[in-house]
Amino acid sequence: MSFDIAGFVARVDANRSIKDELMGRLKETHPRQRISVTDLVNPRRAYMQRVHPEIQPPSERKEAMMAGKGFHDLFGHAVSSEEYLEQFVEWGGVVGVIDVYKDIPTELKTTGEIDDGGDLRESRSSYIEQLAMYCAMVDMRRGRLILYGRGSAEKDARLSVYDAVFDDLDSVREEMGKRRDALVSALAKSSPDNLPSCPWLGRGCEFESICGCADAEEFVPSIAMKARPLEPNPEEAKRLLSMFESSKPARRTGLNSLVFPRRAYYDGQRGDEETDADRLGSMDRIGHARALADAIEFGRGADSTRKLLSLGEMQDRVTYFKGVPTILRTTKFNDVVSRDNLTRMFPHYFMRLAFECALVGSANGRLILHYEKLREESKLMVYDVTFSDLDDLQKEAENRLLVIREVSEGRRSPNELPPCPAWFKKYCKYQPSCGC
Ligand code: SF4
Ligand code: SF4
637 MSFDIAGFVA RVDANRSIKD ELMGRLKETH PRQRISVTDL VNPRRAYMQR VHPEIQPPSE
697 RKEAMMAGKG FHDLFGHAVS SEEYLEQFVE WGGVVGVIDV YKDIPTELKT TGEIDDGGDL
757 RESRSSYIEQ LAMYCAMVDM RRGRLILYGR GSAEKDARLS VYDAVFDDLD SVREEMGKRR
817 DALVSALAKS SPDNLPSCPW LGRGCEFESI CGCADAEEFV PSIAMKARPL EPNPEEAKRL
877 LSMFESSKPA RRTGLNSLVF PRRAYYDGQR GDEETDADRL GSMDRIGHAR ALADAIEFGR
937 GADSTRKLLS LGEMQDRVTY FKGVPTILRT TKFNDVVSRD NLTRMFPHYF MRLAFECALV
997 GSANGRLILH YEKLREESKL MVYDVTFSDL DDLQKEAENR LLVIREVSEG RRSPNELPPC
1057 PAWFKKYCKY QPSCGC
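Spelled out as structure tokens, the structure:
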């Protein structure tokens, strides 16, 4: 008989107090003090951000920014060592952080899709300007741009690398000085009138209703226009992708393997067959999850402790948040799932939490659900979950581990591993060979 987690869930309560506290952390923004390279790429927007900190970007953009930051962090650590990451630089009162700077300034950008064949100086002028400014600040004529395209249903995720040469760093610095002075003067006069509209115009900017940019002079990305065309560097892209592979942690049996034993088995078999798009996609997902956890201070800070958990040869960690075993998960659902349907829609989350609770002997656990597509008020839901029959849950976990062990030793067939939740098979790459 298949295992139904719903039978072990005695109670689910929405915890409004913790939800509100976490939402507050998610919304928190830190006003920028000094003028940065990013400000000089969109000076009018930089003005509006400082003068109207109460106007926040729409939640989809915040979500994309968080995902981009998460990917940046993971990517940086995969391809570089700590001493070359996020290097702070300063010139003429302007500050900036170069993503990776070992021998040449390297800027990483995340985008939806990478358009082949176009001139990046036109289609991605702000990226080129930012890179040129970093080069000017450290007096290096060569720079490198790494574009990570997330891809879509039709296009795979990919990584492209371009080499740039900026012949006239003096003129880049001169233009930086002009933009800096214009922004400082606008802030001093409390008027953006001397600032051109930015390249963001018409892309759903949150300041459109108050900015008055319809009458502003058009922004000319003069730094990008004066740059040489960028040269694609596929060899470097290949080298970076190979570094992801070597930075990957070894596969091991952990709590997730108890929830998805078959999937873990097939993932293990597949090993080297992973494509670059698979690797990029998984780095993107992990990066996003980490950035979210950082933003709400889950897994770090005074409210969280991490404890080691063992079951036979399996070891993993459980995060206690405010004293209760807690998991944080993200969903792409378009609506908040009603409490009655939670175990049906998210059996895997409840199973994971149930195993954690049973193995640490706690009847209570907590699920923080992040709805990445929803607006602020519905973005996070926090549920306090009470489980019954912890002994039976523990036996189920032990039994799963036993089957995993015996399959790995060749004493049982993978078909004997418990299948994943039914609706998973629709999207699973191991169909139909898995036969679930
Ligand atoms: S409203 Fe226009 S000019 Fe103003 S910040 Fe937004 S895009 Fe830039
Ligand atoms: S085919 Fe079914 S059981 Fe097998 S790994 Fe995929 S979802 Fe899981």
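Position one of the sequence shown corresponds to residue 637 (this note's numbering), numbered consecutively onward.
All C-beta atoms, glycine included, are put in the ideal place defined by N, C-alpha and C.
Note that the structure is a prediction, hence the values are computed from the model and not measured.
What residues in its chain sit with their C-beta under 6 Å from that of residue i, if we drop five residues either side in the sequence?
| i | result |
| --- | --- |
| R915 | F880 |
| L612 | Examination of residue 612 is not possible in this model, given that the chain is present from 637 through 1072 alone. |
| T746 | G704, F707 and Y784 |
| P857 | S761 and E765 |
| C847 | M684 |
| R816 | I671 and V730 |
CB of residue i to nearest heavy atom of ligand 3: below 6 Å?
| i | result |
| --- | --- |
| R681 | No copy of ligand 3 appears in this structure; the ligands present are ligand 1 and ligand 2. |
Output yes or no for whether 7 Å exceeds the beta carbon distance between residue i and residue j.
| i | j | result |
| --- | --- | --- |
| G732 | V673 | yes |
| P1055 | R898 | yes |
| A822 | Y1019 | no |
| A768 | V725 | no |
| A873 | R757 | no |
| K1009 | N970 | yes |
| G975 | S695 | Going by the sequence as given, residue 975 is Arg instead of Gly. Taking 7 Å as the Cβ cut-off, R975 and S695 do not qualify as a contacting pair. |
| R786 | T1022 | no |
| A931 | L662 | yes |
I'd like to confirm the pairing. Which residues does DSSP put opposite residue i in its beta bridges?
| i | result |
| --- | --- |
| Q723 | I734 |
| F707 | Beta-bridge pairing links F707 to no other residue. |
| G937 | For G937, which the question treats as bridged, DSSP gives no partner whatsoever. |
| Q692 | None; Q692 has no bridge partner. |
| S796 | L783 |
| G1001 | V1021 |
| L1016 | H1006 |
| V648 | V1021 |
May I ask you to check if the CB of residue i is nearer than 6 Å to at least one heavy atom of ligand 1?
| i | result |
| --- | --- |
| S946 | no |
| S761 | no |
| F644 | no |
Which residues in the same chain as residue i place their Cβ atom closer than 7 Å to its Cβ, once the five residues preceding and following it in sequence are excluded?
| i | result |
| --- | --- |
| P693 | E842 |
| K738 | S716 and Y720 |
| I641 | T979, P983, F986, M987 and A990 |
| S1044 | none |
| A818 | P679, N830 and L831 |
| R1036 | L894, P897 and P1054 |
Which same chain residues, not among the five before or five after residue i, have their C-beta less than 8 Å away from its C-beta?
| i | result |
| --- | --- |
| L945 | L891, Q951, D952, R953, V954, E992, L995 and V996 |
| D1028 | F644 |
| M659 | E1012, E1013, K1015 and L1016 |
| M759 | According to the sequence displayed, residue 759 carries Ser and not Met. Contacts found: D751. |
What residue from the options has the CA that sits closest to residue i's CA?
| i | options | result |
| --- | --- | --- |
| G813 | F896, G1071 and G729 | G729 |
| F779 | D709, H688, P865 and A850 | It is Gly, not Phe, that sits at residue 779 in the sequence shown. Cα-wise, what sits closest to G779 is P865. |
| H1006 | E1034, D912, L710 and F982 | F982 |
| T911 | G935, F644, L877 and R697 | L877 |
| V645 | G840, R936, N1000 and R681 | N1000 |
| D792 | D751, V801 and A818 | D751 |
| L795 | K663, E690, G917 and S827 | G917 |
| E867 | R926, V797 and L1038 | V797 |
For ligand 2, I want to know if residue i counts as a neighbour, meaning its beta carbon is within less than 6 Å of at least one of the ligand's heavy atoms.
| i | result |
| --- | --- |
| R652 | no |
| Q1067 | yes |
| F1060 | yes |
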